[in-house]
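Trainee: Residue numbers (full-length UniProt numbering): 1 to 573.
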C-alpha cells in the first residue's frame with residue numbers, strides 16, 4: 001500500500017517537473033486527452049440540399065458577454081455545417097441585416113412563431129436555434145481526489161462545462177421538427193495560446209482554457225452530427241406536406257369556362273375589431289383563380305360580407321346555399337376567421353390566426369368539404385402581422401379545398417341555377433306573353449312569377465349564367481314585345497318593356513320564332529325537319545306530323561304553342 005502511494009507521488013513529481021517545459025504531458029497523465037471525432041462524412045453537393053439559417057444563440061448562463069458568446073457560437077456552428085457540404089447556410093451578415101430591417105436587433109430573440117416571416121425573407125427552409133444553459137470555466141479542486149486535488153490545481157488543471165438546447169424549426173410552418181440537449185464537461189490543463197476552433201481564433205473573452213476549447217469543440221461536433229444525421233428527414237420536411245405548399249391536383253374539369261362558379265365569403269376579426277379587407281378570403285380566391293376556377297368578383301361580396309345574413313349563413317348550409325344562388329354561384333365557400341396578438345419580441349410582433357370554412361353546393365345545400373387551419377405571422381405592425389397570419393392560414397385552407405373539390409367531387413355542369421328577372425312597365429297580359437317566350441328557351445326548366453302593379457318578378461331555373469340567359473331572351477324574343485335590358489348581375493336581369501309592335505309585326509315575329517324553335521326541338525327529338533332557317537317547308541311539316549302521331553296529338557302538321565310545349569316536356573324528360 002505504501003509502495004503504491006510512493007509510486008503515485010513519484011509520478012506526480014515527474015509531471016510537475018515536466019510542466020515547466022510544457023503541460024501537454026500533464027494533461028495526458030491526469031486527464032486522458034479527449035478524442036474528438038471530426039464531423040460526419042461530407043455530403044455531395046446537391047441542389048436539393050436544405051437551406052439553413054443559424055440564429056444567434058440565446059445566453060442564459062454565466063457572466064460572459066452575451067453578444068460575443070451568442071455570435072461566436074453561431075459563427076462556429078455555421079462554419080462546421082458548411083464543412084459538411086450537407087446544407088446551404090444563409091450568411092450570418094445577411095441574416096443580421098434582415099433582422100435589423102424587421103426591427104429585431106442582432107441581440108434579439110426568436111421563436112417558432114416568427115419562423116415563417118424570417119424564412120420568407122432569408123429563403124431559409126429551416127431555422128437553427130440554440131439556448132446556452134451552462135457555460136463555466138474554473139480551477140479543478142477535486143479532479144483525482146485525495147492528494148491529487150491540490151497538485152492538479154498547482155499544475156493549472158481547468159474544468160469547463162457547456163450545455164445548450166438545440167431546436168430545428170420548419171421555416172414554413174413554425175413547427176419544431178427537432179429538439180435536443182447537448183452537454184459537455186472537460187477537465188484539462190493549460191490556457192489557450194493560439195490556434196482556432198472551426199475557423200475562429202481562440203481566446204478573447206469567449207473562453208481562455210483548453211478545457212473550454214475541447215468542451216465547445218465536442219458540443220459543436222455533436223450538434224453538427226445531430227443535424228447531419230437527420231438531413232434526409234429535413235429534406236422531406238422542406239418538401240411541403242399536404243396543406244402547406246400549393247396543391248398539385250388537376251382541376252381542369254372544374255376550370256372555366258364550363259366549370260362551376262365559386263363564391264368565397266369569409267368575414268375576419270382581429271380580436272376586438274373587424275378587418276375591412278380579409279386577407280384569408282383574398283388568399284383563397286387567389287389560389288382558386290390560379291387553378292383556373294371561376295370565382296365571383298370579391299368587390300361584389302364586399303357590400304354584404306359583414307351583413308347579418310352572411311353571419312347567419314356561416315352555420316346554416318341552406319342559408320349559405322341561398323346566398324350563393326343570389327350571386328349565381330354553384331359552390332359557396334363560407335366561414336369565419338380571427339387573428340389575435342401572440343407576443344412581442346423587442347419591436348417584432350407575432351400573431352396567430354385560425355380560419356374555419358365549408359364548401360357548400362348551392363343547388364342542394366350539401367356540404368362538399370369542411371376544415372379549419374391555423375397559422376402564424378410576424379411584423380413590426382400588429383395589424384399586418386395579423387393579416388400575415390390570416391393569409392398563411394387561408395393559403396393552407398385553399399390547398400385543402402382545391403384537393404377535395406378537384407379530386408373527390410363531380411359537378412353537373414348543366415345543373416340549373418335560379419336567376420331573377422325583374423320586369424317593369426308591364427301589364428298582366430304582357431307578363432304572361434314574356435313568360436311564355438322565356439319558357440321556350442333551351443335550358444329553362446321552371447319559372448315562377450309574382451306581379452304587382454306594373455312590375456313583375458320572375459324566378460327562372462336555368463342551366464347557365466344570367467348573361468347567357470339575357471342573350472337568349474334578346475335574340476329569341478317570341479313575345480311580340482319591345483323591351484330593353486337595363487341591368488345585369490351575377491344572378492339578376494332587369495328588363496323594361498318599351499312597347500309593342502304592330503299586330504302584323506307581332507304575328508310575323510312570333511310565327512318565325514315559333515317555327516325556328518319547333519325545328520330545333522324536332523332535331524333534338526330525333527326527327528328531320530330540314531334546315532332550321534325559320535321557314536316552314538315540306539320537311540318541317542312532315543316532321544311535325546310524325547311527331548304528332550307518335551305523341552298521340554291531333555295530326556295537322558301546323559306549328560303551335562301547344563305543340564312546342566309538348567316537345568319541350570319530352571326533351572326535359
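Yeah, the Cβ is synthetic: ideal placement off N, Cα and C, and Gly gets one too. Bear in mind that the values here come from a model prediction, so they are computed numbers and not experimental data.
(1) Say whether the segment 217-235 touches the segment 315-325, bearing in mind that this needs 3 or more beta-carbon pairs closer than 8 Å, one atom from each stretch.
(2) Could you pull out every unbroken beta strand (DSSP E) segment of at least 3 residues lying fully inside the segment 247-334, listed in chain order?
(3) Once the 5 residues before and after residue 53 are set aside, which same chain residues still bring their CB inside 6 Å of it?
(4) Verify whether the separation of the beta carbon atoms of residue 57 and residue 164 is less than 8 Å.
(5) Quick one: Cα of residue 499 to Cα of residue 453, how far?
(6) Can you give me the C-alpha to C-alpha distance between residue 530 and residue 447, rounded to a whole angstrom?
(7) Excluding the 5 residues preceding and the 5 following residue 251 in the sequence, name in chain order all residues of the same chain whose CB lies nearer than 7 Å to its CB.
(8) Taking 7 Å as the limit between beta carbons, can you name the residues of its chain near residue 451, skipping five residues before and five after?
(9) Hey, would you say residue 279 sits closer than 8 Å to residue 391, going by beta carbons?
(10) Would you check if the segment 328-343 and the segment 262-269 touch, i.e. whether three or more CB-CB distances between them fall below 8 Å?
(11) Rounded to the nearest angstrom, what separates residue 565 and residue 440 at their Cα positions?
(12) Grab me the residues of residue 359's own chain with a C-beta within less than 8 Å of its C-beta, minus the 5 sequence neighbours each way, in chain order.
(13) Between the C-alpha atoms of residue 178 and residue 167, what's the straight-line distance to the nearest angstrom?
(14) Less than 8 Å between the CB atoms is what I'm expecting for residue 69 and residue 132, so what's the real figure, rounded?
(15) If you draw a straight line from the C-alpha of residue 387 to the C-alpha of residue 225, how long is it?
(16) According to DSSP, which residues form a beta bridge with residue 379?
(17) Could you give the DSSP three-state label for residue 344: helix, strand or coil?
(18) Taking residue 356 as the reference, give the member of 321, 264, 295, 302 with the closest Cα.
(19) Within 10 angstroms of the Cβ of residue 554, are there 16 or more other Cβ atoms? Answer buried if so, exposed if not.
(20) Go ahead and pull the three-state DSSP assignment for residue 83.
(21) Alpha carbon to alpha carbon, what distance is there between residue 495 and residue 318?
(22) Starting from residue 417, trace the beta strand (DSSP E) both ways and give me its first and last residue.
(23) Report all residues from its chain with a CB closer than 7 Å to the CB of residue 78; omit the five preceding and five following residues, and keep chain order.
(24) What first and last residue would you give for the alpha helix (DSSP H) that runs through residue 364?
(25) Does DSSP put residue 527 in a helix, in a strand, or in coil?
(26) Does the beta-carbon distance from residue 351 to residue 377 come in below 8 Å?
(27) Kindly identify the DSSP beta-bridge partner or partners of residue 186.
(28) Let me know the secondary structure DSSP gives residue 409 once reduced to three states.
(29) Does the beta-carbon of residue 201 have 16 or more other beta-carbons within 10 angstroms, so that it is buried, or is it exposed?
(30) Within 10 angstroms of its Cβ, does residue 576 collect 16 or more other Cβ (buried), or is it exposed?
(31) With H, G and I counted as helix, E and B as strand and the rest as coil, what does DSSP make of residue 55?
(32) Considering only residues of the same chain and omitting the five flanking positions on each side of residue 503, which have a CB-CB separation below 6 Å?
(33) Return the bridge partner residues of residue 180 from the DSSP annotation.
(34) Leaving out five residues on either side along the sequence, give the residues of the same chain with a beta carbon under 6 Å from the beta carbon of residue 585.
(35) As a quick exercise: from 480, 478, 455, 443, pick the residue whose alpha carbon is nearest that of residue 468.
(36) Among 119, 260, 537, whose alpha-carbon lies nearest the alpha-carbon of residue 174?
Mentor: Per the coordinate set shown:
(1) In short, these stretches do not touch, since the Cβ pair count stays below three.
(2) Note on the segment 247-334: whole beta strand (DSSP E) runs with a minimum of 3 residues are 261-265, 268-270, in chain order.
(3) As a first step, residue 53 must be located in the chain shown, where it is residue number 53. Cβ neighbours of residue 53 beyond the five flanking positions: 90, 95, 122, 124, 127.
(4) Position 57 of the chain shown, counted from the first residue, corresponds to residue 57. Position 164 of the chain shown, counted from the first residue, corresponds to residue 164. Using a Cβ distance threshold of 8 Å, residue 57 and residue 164 count as a contacting pair.
(5) For this step, residue 499 is matched to residue 499 along the chain shown. For this step, residue 453 is matched to residue 453 along the chain shown. C-alpha separation (whole angstroms): 17 Å.
(6) Walking along the chain shown from the start, residue 530 turns up at place 530. Walking along the chain shown from the start, residue 447 turns up at place 447. Cα to Cα, residue 530 sits roughly 31 Å from residue 447.
(7) Walking along the chain shown from the start, residue 251 turns up at place 251. Around residue 251: 291, 292, 293, 402, 406.
(8) Counting from 1 along the chain shown, the entry for residue 451 is found at position 451. Cβ neighbours of residue 451 beyond the five flanking positions: 428, 431.
(9) Residue 279 sits at position 279 when you count from the first residue of the chain shown. Residue 391 sits at position 391 when you count from the first residue of the chain shown. The Cβ atoms of residue 279 and residue 391 sit closer than 8 Å to each other.
(10) yes
(11) The residue labelled residue 565 in the question sits at position 565 within the chain shown. The residue labelled residue 440 in the question sits at position 440 within the chain shown. Their Cα atoms are separated by approximately 7 Å.
(12) In the chain shown, the residue the question calls residue 359 occupies position 359. Contacts found: 331, 332, 333, 367, 368, 369, 370, 401, 404, 405.
(13) Here residue 178 refers to the residue found at position 178 when the chain shown is read from its first residue. Here residue 167 refers to the residue found at position 167 when the chain shown is read from its first residue. Each residue's Cα considered, the two are about 6 Å apart.
(14) Position 69 of the chain shown holds residue 69. Position 132 of the chain shown holds residue 132. Correct: roughly 7 Å between the Cβ atoms.
(15) On the chain shown, residue 387 is found 387 positions in, with the first residue counted as 1. On the chain shown, residue 225 is found 225 positions in, with the first residue counted as 1. When rounded, the distance between both Cα atoms is 39 Å.
(16) The count along the chain shown starts at 1 and reaches residue 379 at position 379. Under DSSP, residue 379 forms a beta bridge with 349.
(17) Numbered from 1 along the chain shown, position 344 holds the residue referred to as residue 344. The answer is strand: DSSP assigns residue 344 an E or B state.
(18) Looking up residue 356 in the chain shown gives position 356. For residue 356, the nearest C-alpha among the options comes from 264.
(19) Residue mapping note: residue 554 aligns to position 554 of the chain shown, counting from 1. Residue 554 is exposed by the Cβ-count criterion.
(20) Along the chain shown, one-based indexing puts residue 83 at 83. Here residue 83 sits in helix by DSSP.
(21) As a working note, residue 318 is residue 318 in the chain shown. As a working note, residue 495 is residue 495 in the chain shown. Going by the C-alpha atoms only, they are around 29 Å apart.
(22) Numbered from its first residue, the chain shown carries residue 417 at position 417. Start and end: 417-424.
(23) In the chain shown, residue 78 corresponds to position 78, counting from 1. Counting only Cβ-Cβ distances below 7 Å, and skipping sequence neighbours, we find 54, 89, 92.
(24) Start at 1 with the first residue of the chain shown, and residue 364 comes out as number 364. Taken as a continuous stretch (DSSP letters only), residue 364 belongs to no alpha helix (DSSP H), as it is neither H nor E.
(25) For the purposes of this step, residue 527 is identified with residue 527 of the chain shown, where counting begins at 1. Residue state, collapsed to three classes: coil.
(26) On the chain shown, position 351 is the one that residue 351 refers to. On the chain shown, position 377 is the one that residue 377 refers to. Result yes, Cβ atoms of residue 351 and residue 377 sit closer than 8 Å.
(27) In the chain shown, residue 186 corresponds to position 186, counting from 1. Paired residues: 160.
(28) The residue given as residue 409 occupies position 409 in the chain shown. Note: residue 409 maps to coil in three-state DSSP.
(29) Taking the first residue of the chain shown as position 1, residue 201 is located at position 201. Note that residue 201 scores a pLDDT of 49, beneath 50, so its modelled location is shaky; the value from the coordinates is reported in the next line. Residue 201 comes out exposed.
(30) The chain is shown only over 1 to 573; residue 576 falls outside these bounds and no answer can be derived.
(31) Counted from its first residue, the chain shown places residue 55 at position 55. Of the three classes helix, strand and coil, the one that applies to residue 55 here is coil, per DSSP.
(32) Taking the chain shown and counting its residues from 1, one reaches residue 503 at position 503. Note that residue 503 scores 46 on pLDDT, short of 50, meaning its location in the model is unreliable and no value can be drawn from it.
(33) The residue given as residue 180 occupies position 180 in the chain shown. For residue 180, which the question treats as bridged, DSSP gives the partners 166.
(34) In the structure as shown, the chain starts at 1 and stops at 573, and residue 585 therefore has no counterpart that could be examined.
(35) Numbered from 1 along the chain shown, position 468 holds the residue referred to as residue 468. Looking at the Cα atoms, 443 is the closest of the given residues.
(36) For the purposes of this step, residue 174 is taken as the residue at position 174 of the chain shown. The shortest Cα separation from residue 174 among 119, 260, 537 belongs to 119.
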